[in-house]
Amino acid sequence: MRTADLIELLAHDVRATAPGVANRRLLAALAAGGLVTFAVVALWLRCQPLLAAAQQPWFWMKTAYTALLTVAGVASVRRLAVPGAKVGAAPVAAALIVLAMFALGAGQILSTAPAGRLALWLGQSWKICSPLILLLALPIYACLVMAIRGLAPTRPALAGTAAGFAASALAATLYSLHCPEQAAAFVATWYTLGIAAATVLGGIAGRRLLSW
Amino acid sequence: MLQQDQTEERLRPLMLRSLEGDSGAHRQLLEILGRYLRGYFARRMGAAAAEVEDLVQETLLAVHLKRDTYDRSLPFTPWAYALARYKLIDHLRRRSRSIQVPLEDAGALFAADDPEEGALRTDLDRLLQRLPHRQRSLIEDVKLQGLSVEEAAHKRGVTAVSARVMLHRSLKWLNQAIRDENG
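Listed below in structure tokens is the structure:
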């Protein structure tokens with residue numbers, strides 16, 4: 348088939364398209380994946396009694412931390428899911444948020460008596476925190492990958508990295524409703540570690556999964 | 211830079227009209243893009259130039275099928291360049307392990323055009339033979355006999371809506387078939 352004939356054929360397949368398709372599909376993916384992860388948290392892990400938690404400002408610190416990272420992650424995914432858009436300032440914002448959390452955690456460690464530092468840092472759940480966040484990120488990552496594939500990522504590894512980051516940040520936000528820990532040093536380490544692992548794995552998988 | 215601004219001013223309105231459903235603008239856009247793609251791929255692929263026209267067709271099909279990912283508030287040429295560069299990398303990667311395609315300004319795509327169609331390795335007509343009879347004959351009516359989709363639908367006794375859906379699905383299928391063929 349000559350290229351001119353192909354163009355002729357394509358010109359017969361033109362219909363008005365509604366704008367905003369990328370936003371709609373990505374939001375739907377976040378909602379669907381987030382719902383699955385939330386169901387796992389609520390039914391399997393169980394949420395903390397939220398009314399009691401509402402009285403404890405430090406309980407919400409981890410939720411706020413990961414929610415901010417989610418916003419930065421989703422903004423990056425949105426840019427990388429379609430051709431030609433610059434990634435923009437979102438990754439820088441995410442790095443600054445992580446640094447701020449590190450500073451908060453380090454300050455907390457330093458202001459604690461040396462004998463109590465290790466217990467503060469490890470909490471009760473340091474062994475399971477990062478793996479659980481990684482696991483809970485899976486449904487969201489899977490939904491995001493399906494949505495991004497239907498768009499047009501032109502840098503698959505980067506798009507996968509952003510998807511891994513956004514998925515795990517949202518997963519961590521939902522997990523924070525279960526997590527009993529309240530130490531900034533704990534969150535800065537184990538939450539960040541889980542998200543970092545998902546980010547790296549997301550990039551590696553994205554290289555293959557997001558080529559179209 | 212100035213030249214690229216002019217290209218942007220010429221192509222973006224065509225893209226916007228194409229997204230509104232204007233098939234004349236869409237045809238014109240693809241014709242212009244095809245010439246630039248041919249020039250860009252030929253410069254980048256060098257020795258493998260036998261595949262230039264194949265890649266032009268594959269990329270035009272991608273531009274067509276993915277055009278709803280273009281954000282109307284942004285410039286068009288970076289969108290087209292990113293898509294062209296991706297198709298080039300994807301194509302080269304399926305041939306050899308390591309490849310380097312410089313990440314350039316969108317101007318790299320629009321530096322020079324080439325209106326002369328080259329030889330093809332993969333004949334899309336041959337791929338289309340694998341489609342079910344109904345879809346294939348619809349495409350032949352539109353392509354060979356120059357019928358509109360409505361006329362072709364009428365001739366084949368299907369509704370215009372289902373003919374449109376059939377055509378669109380066939381093109382999506384074709385997009386996948388090309389990748390499988392070259393993979």
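Protein chains in written order, with this note's numbering: chain A, 348 to 559; chain B, 211 to 393.
No residue lacks a Cβ here, since even glycine has one placed at the ideal position from N, Cα and C.
Note that this is a predicted model, so its numbers are computed, not measured.
Using a cut-off of 8 Å between C-beta atoms, extract the partners of S306(B) located in chain A.
The count along the second sequence starts at 1 and reaches residue 306(B) at position 96. Correct list: empty, because the minimum Cβ distance to chain A is about 15 Å.
Near V368(A), which residues of its chain fall below 6 Å by C-beta distance, leaving aside the five closest residues on each side in sequence?
Translated into positions along the first sequence, residue 368(A) becomes position 21. Contacts found: none.
- Does the separation of the CB atoms of D352(A) and K353(B) fall below 7 Å? The residue you call residue 352(A) lines up with position 5 of the first sequence. The residue you call residue 353(B) lines up with position 143 of the second sequence. For D352(A) and K353(B), yes; Cβs fall inside 7 Å.
- Task: Please report the Cβ distance between A479(A) and Y522(A), rounded to the nearest whole angstrom; I am assuming they are in contact, meaning their Cβ atoms lie under 8 Å.
- Result: Here residue 479(A) refers to the residue found at position 132 of the first sequence. Here residue 522(A) refers to the residue found at position 175 of the first sequence. First, the amino acid is wrong: residue 479(A) is Leu here, not Ala. Right, the Cβ-Cβ distance comes to about 6 Å (below 8 Å), so this counts as a contact.
- prompt: Would you report the Cα separation of V534(A) and A365(A), rounded to the nearest angstrom?
  reply: On the first sequence, residue 534(A) is found 187 positions in, with the first residue counted as 1. On the first sequence, residue 365(A) is found 18 positions in, with the first residue counted as 1. Approximately 42 Å between the Cα atoms of the pair.
Exercise. What residue does the alpha helix (DSSP H) around D352(A) start on, and which one ends it?
Worked result: Taking the first sequence and counting its residues from 1, one reaches residue 352(A) at position 5. Unbroken alpha helix (DSSP H) run through D352(A): 350 to 358.
Can you tell me whether S477(A) is buried or exposed? The criterion is at least 16 other CB atoms within 10 Å of its CB, across all chains shown. By 1-based counting over the first sequence, the position of residue 477(A) is 130. Its Cβ being crowded by 16 or more others within 10 Å, S477(A) is buried.
> Do the CB positions of L491(A) and A514(A) come within less than 7 Å of each other?
Replying inline: In the first sequence, the residue the question calls residue 491(A) occupies position 144. In the first sequence, the residue the question calls residue 514(A) occupies position 167. In contact: L491(A) and A514(A) (Cβ atoms closer than 7 Å).
What in chain A is Cβ-close to I349(B), meaning under 8 Å? What you label residue 349(B) is simply residue 139 of the second sequence in a count that begins at 1. By Cβ distance, chain A contributes L356.
Contacts around A400(A), its chain only, beta-carbon distance under 6 Å, and the 5 residues preceding and following it disregarded: Along the first sequence, read from residue 1 onward, the residue named residue 400(A) stands at position 53. For A400(A), where only same-chain residues beyond five positions count, the Cβ hits under 6 Å are F406.
Worksheet item: With a cut-off of 7 Å, does the C-beta of V352(B) fall near any C-beta of chain A?
Response: Numbered from its first residue, the second sequence carries residue 352(B) at position 142. In terms of beta-carbon proximity, V352(B) lines the interface with chain A, with at least one pair separated by less than 7 Å.
Problem set entry | Where G380(A) falls, given that 16 or more other Cβ within 10 Å makes a residue buried | Here residue 380(A) is taken as the residue at index 33 of the first sequence, counted from 1. Classification for G380(A): buried.
Next on the checklist: So within the stretch 229 to 305 of chain B, which uninterrupted alpha helix (DSSP H) runs reach at least 4 residues, ignoring any that extend past its ends?
Outcome noted: List check, alpha helix (DSSP H) in window: 233 to 255, 262 to 275, 287 to 303.
Could you tell me the alpha carbon to alpha carbon distance between V439(A) and A316(B), rounded to whole angstroms?
Taking the first residue of the first sequence as 1, we reach residue 439(A) at position 92. Taking the first residue of the second sequence as 1, we reach residue 316(B) at position 106. Roughly 24 Å separates the two Cα atoms.
- Query: Nearest CA to the CA of L313(B): which residue from L293(B), D264(B), H343(B), P325(B)?
  - Reply: Here residue 313(B) refers to the residue found at position 103 when the second sequence is read from its first residue. For L313(B), the closest C-alpha among the options L293(B), D264(B), H343(B), P325(B) is that of L293(B).
task = Output the distance between the C-alpha atoms of F385(A) and H343(B), rounded to the nearest integer angstrom.
result = What you label residue 385(A) is simply residue 38 of the first sequence in a count that begins at 1. What you label residue 343(B) is simply residue 133 of the second sequence in a count that begins at 1. Pairing F385(A) with H343(B), the inter-Cα distance amounts to about 47 Å.
Please name the residue in P404(A), Y488(A), G431(A), L483(A) whose C-alpha comes closest to that of A375(A).
-> As a position in the first sequence, residue 375(A) is number 28, starting the count at 1. Closest option to A375(A), judged by alpha-carbon separation, among P404(A), Y488(A), G431(A), L483(A): Y488(A).
- Task: Use the C-beta contact count for P223(B): other C-beta atoms within 10 angstroms, 16 or more gives buried, fewer gives exposed.
- Result: Residue mapping note: residue 223(B) aligns to position 13 of the second sequence, counting from 1. Flag for P223(B) reads exposed.
_For L467(A) and I456(A), believed in contact at Cβ under 8 Å, the rounded distance_ = Working through the first sequence from its first residue, we reach residue 456(A) at position 109. Working through the first sequence from its first residue, we reach residue 467(A) at position 120. The C-beta distance from I456(A) to L467(A) rounds to 7 Å, short enough to fall under 8 Å.
Find the nearest neighbour of E241(B) within the set E327(B), N385(B), L341(B), R379(B), judged by alpha-carbon distance.
-> For the purposes of this step, residue 241(B) is taken as residue 31 along the second sequence, with counting starting at 1. Ranking E327(B), N385(B), L341(B), R379(B) by CA distance to the CA of E241(B) puts E327(B) first.
task = Please go through the same chain and pick out, in chain order, the residues whose beta-carbon is closer than 8 Å to the beta-carbon of Q238(B), but skip the five residues on each side of it.
result = Here residue 238(B) is taken as the residue at index 28 of the second sequence, counted from 1. Same-chain partners within the cutoff: L224.
- Query: Mind checking whether the beta-carbon of V273(B) lies closer than 6 Å to any heavy atom of the ligand ADP?
  - Reply: The ligand ADP is not part of this structure, which contains no ligands at all.
Can you find a CB in chain A that lies within less than 7 Å of the CB of L381(B)?
Against the second sequence, residue 381(B) aligns to sequence position 171. Among the residues facing chain A, L381(B) is included, as its CB has a counterpart in that chain under 7 Å away.
7 Å Cβ shell around D324(B) - same chain, five flanking residues per side excluded
Position 114 of the second sequence, counted from the first residue, corresponds to residue 324(B). Excluding sequence neighbours, D324(B) sits near R245, R248, G249, A252.
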